[in-house]
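Everything in the sequence shown is counted per the UniProt record's numbering, starting at 1 for the first residue and increasing by one. Working notes for the structure below.
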Amino acid sequence: MPTSIDYVTDPSPGHGALPPRAWYADSSANSVSLNGTWDFRLSATADAHDDSFASPAYDADGWSSVSVPGHWVMQGDGAFGAPAYTNVLYPFPVDPPRVPDENPTGDHLRVFDLPGDWPGDGSAVVRFDGVESCARVWLNGTELGEFKGSRLPHEFEVGHLLAPTGNVLAVRVHQWSAGSYLEDQDQWWLPGIFRDVTLLHRPTGGVRDFFTHASYEHTTGLGTLRVDSDVAGRITVPELGVDVPTGEPVTVAVEPWTAETPRLYDGELATAGERVPLRIGFRTVELSDGLIKVNGTPILFKGVNRHEWHPEHGRALDLETMRRDVELMKAHNINAVRTSHYPPHPAFLALCDEYGLWVIDECDLETHGFVEQGWRDNPVDDERWTPALLDRAARTVERDKNHPSIVLWSLGNEAGTGRGLTAMAEWIRARDPERLVHYEGDINCRDTDVYSRMYADHAEVERIGQGVDGGPEKRRRLPFIQCEYAHAMGNGPGGLADYQRLFEKYERLQGGFVWEWIDHGVADERHGYAYGGDFGEELHDGNFVCDGLLFPDRTPSPGLIEFKKVIEPVRIAVDGAAGTVQVTNRYDFRDLSHLAFDWTYEVEGEAVERGTLTVPPLSPGETADVKLSAPATSDGYWTVRALDGDGREVAWGQNSVAVVRNTATLFGGHTSPADGVITLGPATFDARTGDLRAIGDVTLASAPRLDVWRAPTDNDDGASWQSGERLGLLWRKFGLHRMQHRVDGVELDGAALTVRTRVGPASRDIGLRANYRWTADERRLRLTVSVAPEGDWRIPLPRLGVRLGLPVGDLGVRWFGGGPGEAYPDTRDAARLGRWESDVAALHTPYVRPQENGARADVRWAELGGLRIEGEPAYALTARRWTTQQLDAATHRTDLTPGDTLWVHLDHSQQGIGTQSCGPGVLPQYRLTPGPAEFSFTFEQLA
Ligand code: IPT
Numbered sequence: 001m002p003t004s005i006d007y008v009t010d011p012s013p014g015h016g017a018l019p020p021r022a023w024y025a026d027s028s029a030n031s032v033s034l035n036g037t038w039d040f041r042l043s044a045t046a047d048a049h050d051d052s053f054a055s056p057a058y059d060a061d062g063w064s065s066v067s068v069p070g071h072w073v074m075q076g077d078g079a080f081g082a083p084a085y086t087n088v089l090y091p092f093p094v095d096p097p098r099v100p101d102e103n104p105t106g107d108h109l110r111v112f113d114l115p116g117d118w119p120g121d122g123s124a125v126v127r128f129d130g131v132e133s134c135a136r137v138w139l140n141g142t143e144l145g146e147f148k149g150s151r152l153p154h155e156f157e158v159g160h161l162l163a164p165t166g167n168v169l170a171v172r173v174h175q176w177s178a179g180s181y182l183e184d185q186d187q188w189w190l191p192g193i194f195r196d197v198t199l200l201h202r203p204t205g206g207v208r209d210f211f212t213h214a215s216y217e218h219t220t221g222l223g224t225l226r227v228d229s230d231v232a233g234r235i236t237v238p239e240l241g242v243d244v245p246t247g248e249p250v251t252v253a254v255e256p257w258t259a260e261t262p263r264l265y266d267g268e269l270a271t272a273g274e275r276v277p278l279r280i281g282f283r284t285v286e287l288s289d290g291l292i293k294v295n296g297t298p299i300l301f302k303g304v305n306r307h308e309w310h311p312e313h314g315r316a317l318d319l320e321t322m323r324r325d326v327e328l329m330k331a332h333n334i335n336a337v338r339t340s341h342y343p344p345h346p347a348f349l350a351l352c353d354e355y356g357l358w359v360i361d362e363c364d365l366e367t368h369g370f371v372e373q374g375w376r377d378n379p380v381d382d383e384r385w386t387p388a389l390l391d392r393a394a395r396t397v398e399r400d401k402n403h404p405s406i407v408l409w410s411l412g413n414e415a416g417t418g419r420g421l422t423a424m425a426e427w428i429r430a431r432d433p434e435r436l437v438h439y440e441g442d443i444n445c446r447d448t449d450v451y452s453r454m455y456a457d458h459a460e461v462e463r464i465g466q467g468v469d470g471g472p473e474k475r476r477r478l479p480f481i482q483c484e485y486a487h488a489m490g491n492g493p494g495g496l497a498d499y500q501r502l503f504e505k506y507e508r509l510q511g512g513f514v515w516e517w518i519d520h521g522v523a524d525e526r527h528g529y530a531y532g533g534d535f536g537e538e539l540h541d542g543n544f545v546c547d548g549l550l551f552p553d554r555t556p557s558p559g560l561i562e563f564k565k566v567i568e569p570v571r572i573a574v575d576g577a578a579g580t581v582q583v584t585n586r587y588d589f590r591d592l593s594h595l596a597f598d599w600t601y602e603v604e605g606e607a608v609e610r611g612t613l614t615v616p617p618l619s620p621g622e623t624a625d626v627k628l629s630a631p632a633t634s635d636g637y638w639t640v641r642a643l644d645g646d647g648r649e650v651a652w653g654q655n656s657v658a659v660v661r662n663t664a665t666l667f668g669g670h671t672s673p674a675d676g677v678i679t680l681g682p683a684t685f686d687a688r689t690g691d692l693r694a695i696g697d698v699t700l701a702s703a704p705r706l707d708v709w710r711a712p713t714d715n716d717d718g719a720s721w722q723s724g725e726r727l728g729l730l731w732r733k734f735g736l737h738r739m740q741h742r743v744d745g746v747e748l749d750g751a752a753l754t755v756r757t758r759v760g761p762a763s764r765d766i767g768l769r770a771n772y773r774w775t776a777d778e779r780r781l782r783l784t785v786s787v788a789p790e791g792d793w794r795i796p797l798p799r800l801g802v803r804l805g806l807p808v809g810d811l812g813v814r815w816f817g818g819g820p821g822e823a824y825p826d827t828r829d830a831a832r833l834g835r836w837e838s839d840v841a842a843l844h845t846p847y848v849r850p851q852e853n854g855a856r857a858d859v860r861w862a863e864l865g866g867l868r869i870e871g872e873p874a875y876a877l878t879a880r881r882w883t884t885q886q887l888d889a890a891t892h893r894t895d896l897t898p899g900d901t902l903w904v905h906l907d908h909s910q911q912g913i914g915t916q917s918c919g920p921g922v923l924p925q926y927r928l929t930p931g932p933a934e935f936s937f938t939f940e941q942l943a
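Set out below in structure tokens:
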């Protein structure tokens, strides 16, 4: 007889689990980790096997094994199925609460003995920290219950069932369940026991649930601590001299907790049977004067949305990976995390307390796929689902309530609106009135304390800042955050600095959270990193799952470097002419006494003088002008840096320098046509086509000519639902990827060679007149390109510059200009002027889906491929061993293989990047509108 599987499609949260309670890692009570290798059997359906496997007598001979924590689809080399990615769409027919017959089901078995010192008294529970999406559990053949709520803890009473040896824990996990309808987050579908499983001794008189209330009164500097505990006991905080009974408030002078100053006090909760360490942070969160304030001060979120991700283990994260995330965030000036879109592994929150990050803790809830049917049948507006929603709210809040880092609870993401959400908000407010409630989908802020939007464009954000955005009365009184903005998919996000200026300008704007922290690429031999569709999913959303500031291996992408610069907590504005630097403290709480400042004076990238700078310990918001010491020369520029106690750079500033160069024609070169060749100074040209063939000994593989094409970025292509101009598509429609070049004249005019051309796409009348004027002296060759558009151009150009091909030889690159990383017109704050070195391979930014990348901005000169190339004006340099066409055709990293031509792009300008992959496009000031242009390069063979 098959087991009844009704529970799988029952909208209820489950049966048998203990009520939720606070999570704590340490305690005097014994515990045994049940992580490790488990016996495993995969079935195609939920009812393929009865429950006899749960019996202690069962022989699991012939079963496979999996690691717990883990997702079975990420193990077994494909034998256990594969990950599947959809963003909004449910990968099964929408007929709530029913799920498909094909419902991969993993039976898991773990046999364990109790340690020798396991106490005889009390009881025990087994705790599951996360199982996707539905599990039924037995110990020693006795059923404990079943549950849903993948990223939430569930505990079961097992003390009465334990034997000293040979205990058998059996867990049946179904990939699909009624719970799947509530877990439609934009991520891989990854079944399995993906968080820890622990057996916890529950001593007689042990701690059950407790709630630490630790507030801070900023006007007096006093903190008030009260720990409510189900089981009475004492609270001690030795450093504060606190020793009080549970439930009794005590007020003492304390240092407050903030994300900038994460002051924690070690304490202990001791009941008759157990001691639990406490890490107490005193802080008060409130909504006052229409602002989110902590300890009386409005805060500015410089945040990211963090999904849990590891390229080999999916959402099964080890402690080191979590710590790495937090350390990377702190090192990049990030001060806040939204735990999109579910509560993270609880250890992550302890790290947020310790290192200092503001947290929006989000419930495990998203029903986005119902948008496809106009939200009809949305579970959040259906009473049958309300118990499940309330269970999710309670399991989130009860588990995480003792973390000072959490300042807002979020009901979930993209779930429309409905009674269930209101019920959740009401429950949360009643249980924890000391924090605020967030939910973006509640556009009128009926149930929320903050007006939150995603991907609002700059103009709208400005209107909201000015308070002229209208909306219902309640909303107008609330602060504003962008819970998601600046979609970091592929190259980008563009326009970060422009958002930050608004956030800093208007009090009502309290910052935002970049979407998102890390690319969810799956480590994959075929592709480097796999994304949606790479596992043969019948429905998928491609590389939309790779939209983070980190690459899947946690290497920072240029977007993260840019974000760090844009949100730096100290603004350093150097005035070169006045010889001063203006330093502004942009922290919310901290003065600048923890930072050291130094300066360098450089001439053409060479440091000629350096020193340290004394900056007063400015309070938040304060500014000071500091005199820089007078340099010996005047043709250089300053770099001023702020360093933390570990010598790590927190912020920097440079004065801008206009490098004045001679743009005049070179003289002394002789044009001498002979045998179909024109010689001009060190160069030879094809007399018929005007193509440059060689500069001294450097023979070109491809002559310089006008180039306007770039491999469209994800942001160029835009998302399918975007109503605005999707440039990647338009560019192709207009044929900018297949421009034809026609030579109209090769003219010798004294010492100059002029080649007149027209460049345009087949089937269109739009084009660009491009004239190349070459002059030379004995060693140097100068090219001046003049461009004039023809026809009715309605679209911007991807890029405007020349491309040439050099033979591959020495692959080193040196340049004086912006660096060290890539920069585009609206992603260039982090590029600093200096002298940089790299090799060609390292200039490439390895976006998971290859696309335009790697431009170095503001290059005055560069040396590569045996040439020195100066620009007048400065140019953007890109060099790679594949063509733009090859880059454009590649879909994964492994599609790019270096060829034997070094393709060099010298761009006068590029179109900005924007964030149209899920947000607004390029702002007008970063648009490359076709117009007359002139720019020059001087080439010289390197000695
Ligand atoms: C928004 C989602 O909240 C988030 O989970 C993610 O999908 C993001 O977009 C894009 O990567 S929803 C969007 C359709 C506005």
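Yeah, the Cβ is synthetic: ideal placement off N, Cα and C, and Gly gets one too. Keep in mind it's a predicted model, so treat the numbers as computed, not measured.
Practice item. Report yes if the C-beta distance between residue 945 and Gly521 is below 8 Å; otherwise report no. Key: Here the chain comprises residues numbered 1 to 943, so residue 945 is not present and cannot be evaluated.
Practice item. Please report how far the alpha carbon of Arg828 lies from the alpha carbon of Phe667, in whole angstroms. Key: Sequence index remark: in the sequence shown, residue 828 carries index 828 (1-based). Sequence index remark: in the sequence shown, residue 667 carries index 667 (1-based). Cα to Cα, the separation comes out at about 36 Å.
Practice item. Tell me Ser702's beta-bridge partners as DSSP assigns them. Key: What you label residue 702 is simply residue 702 of the sequence shown in a count that begins at 1. As computed with DSSP, Ser702 is found in a beta bridge with Gly805.
Review point. In angstroms, rounded to a whole number, what distance separates the CA positions of Arg475 and Met454?
Key: Numbered from its first residue, the sequence shown carries residue 475 at position 475. Numbered from its first residue, the sequence shown carries residue 454 at position 454. Their backbone Cα atoms lie some 16 Å apart in a straight line.
Check your understanding: When you compare each of His15, Asp230, Val94 to His154 by their alpha carbons, which one comes out closest?
Key -> On the sequence shown, residue 154 is found 154 positions in, with the first residue counted as 1. Of the listed residues, the one whose Cα sits closest to His154 is His15.
Exercise for review: Classify Met454 as helix, strand or coil using the three-state DSSP reduction.
Suggested key: What you label residue 454 is simply residue 454 of the sequence shown in a count that begins at 1. Here DSSP, grouped into helix, strand and coil, assigns Met454 to strand.
Review point. Cα-Cα, which of Ser619, Gly247, Pro433, Leu906 is closest to Thr593?
Key: As a position in the sequence shown, residue 593 is number 593, starting the count at 1. The question names Thr, but residue 593 in the sequence shown is Ser. With distances taken between Cα atoms, Ser593 lies closest to Ser619.
Practice item. Just the C-alpha distance for Arg419 and Val380, rounded to the nearest angstrom, thanks. Key: Residue numbering aside, residue 419 sits at position 419 when the sequence shown is read from its first letter. Residue numbering aside, residue 380 sits at position 380 when the sequence shown is read from its first letter. Distance between the alpha carbons of Arg419 and Val380 is about 6 Å.
**Study point:** 4 or more residues per run - each alpha helix (DSSP H) lying fully within the segment 737-815
**Key:** For the segment 737-815, not a single whole alpha helix (DSSP H) run of length 4 or above is found.
Exercise for review: Pull up the distance between the alpha-carbon of Val68 and that of Cys134, whole angstroms please.
Suggested key: Stepping through the sequence shown from its first residue, residue 68 is reached at position 68. Stepping through the sequence shown from its first residue, residue 134 is reached at position 134. Pairing Val68 with Cys134, the inter-Cα distance amounts to about 16 Å.
Practice item. Please classify Ile193: does DSSP put it in a helix, a strand, or coil? Key: Position 193 of the sequence shown, counting from 1, holds the residue named residue 193. If DSSP states are grouped into helix, strand and coil, Ile193 belongs with the strands.
Point to revise | Near the ligand IPT: Tyr216 beta-carbon under 7 Å from a heavy atom | key: Indexing the sequence shown from 1 puts residue 216 at position 216. In this structure, the C-beta of Tyr216 stays at least 7 Å away from each heavy atom of the ligand IPT.
Point to revise | Three-state class that DSSP yields for Phe282 in the structure shown | key: For the purposes of this step, residue 282 is taken as residue 282 along the sequence shown, with counting starting at 1. Of the three classes helix, strand and coil, the one that applies to Phe282 here is coil, per DSSP.
Check your understanding: Can you name, in chain order, every residue of its own chain whose Cβ lies under 6 Å from the Cβ of Arg283, other than the five neighbours on each side?
Key -> If you number the sequence shown from 1, residue 283 lands on position 283. Residues Tyr216, Pro256, Trp257, Val294, Asn295, Pro404 of the same chain have their beta carbon placed closer than 6 Å to that of Arg283, with the five preceding and five following residues left out of the count.
Check your understanding: By Cβ distance below 6 Å, which residues in the same chain neighbour Glu462 in space, the five residues on each side in sequence not counted?
Key -> Translated into positions along the sequence shown, residue 462 becomes position 462. If we look at Glu462 and ignore the five residues flanking it on each side, its Cβ neighbours are Leu502.
Practice item. Please find out if some non-hydrogen atom of the ligand IPT comes closer than 7 Å to the beta-carbon of Gln185. Key: Working through the sequence shown from its first residue, we reach residue 185 at position 185. Gln185: yes, Cβ under 7 Å from the ligand IPT.
Exercise for review: Would you identify the three-state DSSP class for Ile5, choosing helix, strand or coil?
Suggested key: Residue numbering aside, residue 5 sits at position 5 when the sequence shown is read from its first letter. Coil, per DSSP.
**Study point:** N- and C-terminal bounds of the beta strand (DSSP E) containing Ala388
**Key:** The residue labelled residue 388 in the question sits at position 388 within the sequence shown. For Ala388, no beta strand (DSSP E) encloses it; the enclosing alpha helix (DSSP H) starts and ends at 386-400.
**Study point:** Contact test: Asp547 Cβ vs the ligand IPT heavy atom, cutoff 7 Å
**Key:** Here residue 547 refers to the residue found at position 547 when the sequence shown is read from its first residue. Within the cutoff, so yes.
Exercise for review: Compute the Euclidean distance between the alpha carbons of Gly441 and Met424, then round it to the nearest angstrom.
Suggested key: As a first step, residue 441 must be located in the sequence shown, where it is residue number 441. As a first step, residue 424 must be located in the sequence shown, where it is residue number 424. One C-alpha to the other measures close to 14 Å.
Exercise for review: Have a look at Trp515 and Thr386 and give me their C-alpha separation to the nearest angstrom.
Suggested key: Locating residue 515 in the sequence shown gives position 515, counting from the first residue. Locating residue 386 in the sequence shown gives position 386, counting from the first residue. Looking at the backbone, the Cα of Trp515 and that of Thr386 are separated by about 29 Å.
Check your understanding: Can Ile869 and Phe935 be called in contact, C-beta distance under 8 Å?
Key -> Residue 869 sits at position 869 when you count from the first residue of the sequence shown. Residue 935 sits at position 935 when you count from the first residue of the sequence shown. Not closer than 8 Å, so no.
Practice item. Please indicate yes or no: does the CB of Asn585 lie closer than 7 Å to some heavy atom of the ligand IPT? Key: For the purposes of this step, residue 585 is identified with residue 585 of the sequence shown, where counting begins at 1. Proximity of the beta carbon of Asn585 to the ligand IPT is not indicated: no heavy atom of the ligand is located closer than 7 Å.
Exercise for review: Return yes when the C-beta of His670 is under 7 Å from any heavy atom of the ligand IPT, and no when it is not.
Suggested key: Numbered from 1 along the sequence shown, position 670 holds the residue referred to as residue 670. Relative to the ligand IPT, His670 has its C-beta separated by 7 Å or more from all heavy atoms.
**Study point:** Trp72 versus Ser150 - alpha carbon distance
**Key:** Taking the first residue of the sequence shown as position 1, residue 72 is located at position 72. Taking the first residue of the sequence shown as position 1, residue 150 is located at position 150. For Trp72 and Ser150, the distance between alpha carbons rounds to 15 Å.
Practice item. Would you list the residues sitting across from Ala331 in a DSSP beta bridge? Key: By 1-based counting over the sequence shown, the position of residue 331 is 331. Under DSSP, Ala331 shares a beta bridge with no residue.
Exercise for review: Return the CA-CA distance between His527 and Asp39, expressed in angstroms with no decimal places.
Suggested key: Numbered from its first residue, the sequence shown carries residue 527 at position 527. Numbered from its first residue, the sequence shown carries residue 39 at position 39. Looking at the two C-alpha atoms, the distance is approximately 30 Å.
Exercise for review: Indicate the three-state DSSP secondary structure (helix, strand or coil) for Ile913 in the structure shown.
Suggested key: To locate residue 913, count along the sequence shown from 1; it is residue 913. In the structure shown, Ile913 sits in coil (DSSP, three-state: anything other than H, G, I, E or B).
Exercise for review: Taking only heavy atoms of the ligand IPT into account, decide whether any of them is closer than 7 Å to the Cβ of Phe937.
Suggested key: As a first step, residue 937 is located in the sequence shown; it is residue number 937 there, counting from the start. No; taking the cut-off as 7 Å, the Cβ of Phe937 has no heavy atom of the ligand IPT nearer than that.
Point to revise | Distance CB(Gly865)-CB(Leu806) smaller than 8 Å | key: Walking along the sequence shown from the start, residue 865 turns up at place 865. Walking along the sequence shown from the start, residue 806 turns up at place 806. Annotated as proximal: Gly865 and Leu806, with beta-carbon spacing under 8 Å.
Check your understanding: What are the partner residues of Ile695, as DSSP defines its beta bridges?
Key -> On the sequence shown, residue 695 is found 695 positions in, with the first residue counted as 1. Ile695 is bridged to Ala683, Val698.
Practice item. Assign Thr165 to buried or exposed, taking buried as 16 or more other Cβ atoms, counted over all protein chains shown, within 10 Å of its Cβ. Key: As a working note, residue 165 is residue 165 in the sequence shown. Answer is exposed; the Cβ neighbour count stays below 16.
Check your understanding: Of the residues Tyr342, Ser629, Thr689, Glu602, which one's Cα is nearest the Cα of Thr614?
Key -> Reading the sequence shown from its first residue, position 614 is the one you call residue 614. Minimum Cα distance to Thr614 is reached at Ser629.
Review point. Which residues in the same chain have their Cβ closer than 8 Å to the Cβ of Gly36, if we skip the five residues on either side of it in sequence?
Key: Taking the sequence shown and counting its residues from 1, one reaches residue 36 at position 36. Same-chain partners within the cutoff: Ser67, Val68, Arg110.
Check your understanding: Does the ligand IPT have even one heavy atom less than 7 Å from the beta-carbon of Trp409?
Key -> Your numbering for residue 409 matches position 409 in the sequence shown. Trp409 Cβ: outside cutoff for every heavy atom of the ligand IPT.
Check your understanding: Is the segment 593-607 close to the segment 296-314, with three or more CB pairs under 8 Å?
Key -> Touching, no.
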